[in-house]
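In what follows, a structure is listed as structure tokens, so that the remarks can point back to it.
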Amino acid sequence: MATTTQTTTTTHLADPTRYNIRPAQPSDFEAMTTVFYASFTGPFWSYLIPNDATHQAWWDESWALSHANPTDRQFVVEDLENNKEIVAFSRWMLPQDDGNQERKWPELKEEDWDMPLMGAFFGGMEENRKEIMGERKHWMCELLGTHASHQNRGIAASLLKWGTDQADKDGLETYLDGSAKGQPYYIKRHGFKADKEIPIPDHEAYGSYKYVSMVRPPQGG
Numbered sequence: 001m002a003t004t005t006q007t008t009t010t011t012h013l014a015d016p017t018r019y020n021i022r023p024a025q026p027s028d029f030e031a032m033t034t035v036f037y038a039s040f041t042g043p044f045w046s047y048l049i050p051n052d053a054t055h056q057a058w059w060d061e062s063w064a065l066s067h068a069n070p071t072d073r074q075f076v077v078e079d080l081e082n083n084k085e086i087v088a089f090s091r092w093m094l095p096q097d098d099g100n101q102e103r104k105w106p107e108l109k110e111e112d113w114d115m116p117l118m119g120a121f122f123g124g125m126e127e128n129r130k131e132i133m134g135e136r137k138h139w140m141c142e143l144l145g146t147h148a149s150h151q152n153r154g155i156a157a158s159l160l161k162w163g164t165d166q167a168d169k170d171g172l173e174t175y176l177d178g179s180a181k182g183q184p185y186y187i188k189r190h191g192f193k194a195d196k197e198i199p200i201p202d203h204e205a206y207g208s209y210k211y212v213s214m215v216r217p218p219q220g221g
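One point on numbering: in the UniProt record's numbering, the residue at position 146 of the sequence shown is 146, and numbering is uninterrupted.
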């Protein structure tokens, strides 16, 4: 079991009178895909997973695969002031005895993707996790997104806290991959430590993009 540590991180959480977190249901999948594209913006994401019918359907299927996986937990956040519109999501992978957190993704058709980039990005994340975590049990936040119009309101913090609270209770580490831009937030607000960059090739379509694997030691008494 991992060593327990103390930190002084502070977390601004979402207003519970405005936002409600609940487990995702199949009826939410299309809305979750919509939120993904409103969360992950910019040239890199537009190139990696274009916002069109083919790739939207791929995302819808990915939520369904995760929903059927007993070791996954998916959550959505509803805006109670706007007819319970879905404005954020998260996907957690529960600890496994052998540390295995491999993901089953929908089929990739070569004509629809930049396959070398997909291999570098998704393969790089998995290689980093195996190298960093080995066979240690850990909690993993695989996906976390908030609609651009609802960011900076503590929603992501609330979704993250759900998993890190479980990890602290279990005395386990928490693992995630995040952008270089988000790295200072994860460090300052949630106690993560940057471990290793995922090597993503430069491309004229998006320039350079940095993604970092991060680990949070268990915290508390």
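Virtual Cβ for every residue (Gly too), placed ideally from N, Cα, C.
Since the structure is predicted, the reported quantities are computational estimates derived from the model, not experimental observations.
Cβ neighbours of residue i in the same chain (closer than 8 angstroms, five flanking residues each side left out)
i	result
Glu173	Ala2, Met133, Arg136, His138, Trp139, Ala167, Val215, Arg216, Pro217, Pro218
Close Cβ partners of residue i (< 6 angstroms) along its chain, the five nearest in sequence each way excluded
i	result
Arg73	Trp92
Lys104	Leu65
Gln56	Thr33
Thr8	With a pLDDT of only 45 at Thr8, under the threshold of 50, the placement of this residue in the model should not be trusted; the figure read from the coordinates follows. Cβ within range, chain order: n/a, list empty.
Pro16	none
Contacting residues, own chain, Cβ-Cβ under 7 angstroms from residue i (five flanking each side not counted)
i	result
Tyr209	Phe44, Ile200
Tyr37	Asn51
Tyr206	Pro43, Phe44, Tyr47
Pro106	Trp58, Glu61, Ser62, Leu65
Inter-residue Cα distance where the pair is residue i and residue j
i	j	result
Ala14	Arg189	14 angstroms
Thr71	Asp97	12 angstroms
Gly119	Ser158	31 angstroms
Glu131	Gly191	21 angstroms
His12	Ala156	9 angstroms
Asn83	Asn20	12 angstroms
Lys193	Ile86	30 angstroms
Phe75	Glu204	35 angstroms
Asp195	Leu160	19 angstroms
Ala68	Asp177	23 angstroms
Tyr211	Glu127	13 angstroms
Ile49	Trp113	8 angstroms
Asp79	Arg22	12 angstroms
Thr5	Asp170	Reliability of the predicted coordinates at Thr5 is poor, the pLDDT of 37 falling under 50, and the value obtained from them is presented with this limitation in mind. Answer to the nearest angstrom: the Cα atoms are 13 angstroms apart.
Leu108	Leu117	12 angstroms
Gly100	Ala53	Rather than Gly, the amino acid found at residue 100 in this sequence is Asn. The straight-line gap from Cα to Cα measures roughly 32 angstroms.
Ala180	Trp162	23 angstroms
Val77	Gln151	12 angstroms
His147	Phe121	23 angstroms
Exposure label - residue i; buried when at least 16 CB within 10 Å
i	result
Asp202	exposed
Gly220	exposed
Gln25	exposed
Met32	buried
Met66	In the sequence as presented, Met is not what sits at residue 66; that position holds Ser. So Ser66 counts as buried.
Ser149	exposed
Leu143	buried
Glu111	exposed
Thr164	buried
Pro95	buried
Gly123	exposed
Ser27	exposed
Ser88	Checking the sequence shown, residue 88 turns out to be Ala, not Ser. Ala88 should be labelled buried.
Glu102	exposed
Presumed contact (8 angstroms Cβ cut-off) between residue i and residue j, rounded CB distance
i	j	result
Ile198	Met125	6 angstroms
Asp60	Phe40	Going by Cβ atoms, the distance from Asp60 to Phe40 rounds to 16 angstroms, so no, they are not a contact pair.
Arg18	Glu81	6 angstroms
Arg129	Tyr175	6 angstroms
Val35	Gly145	6 angstroms
Ser90	Cys141	7 angstroms
Test: residue i CB closer than 7 angstroms to a CB of chain B
i	result
Ser90	The question asks about chain B, but that chain is absent: this structure has only one protein chain.
(request) Pick out the complete beta strand (DSSP E) segments inside the region 19 to 67, 3 residues or longer, and give them in chain order. (result) 19 to 23
(message) Ignoring anything shorter than 3 residues, give me the beta strand (DSSP E) runs that lie fully in the region 101 to 163, in order along the chain.
(response) 138 to 146
(message) Which complete beta strand (DSSP E) runs does the region 193 to 217 hold, if anything under 3 residues is left out?
(response) 193 to 198, 211 to 216
(message) Runs of 3 residues minimum, wholly inside the region 167 to 196: which ones carry the beta strand (DSSP E) assignment?
(response) 173 to 179
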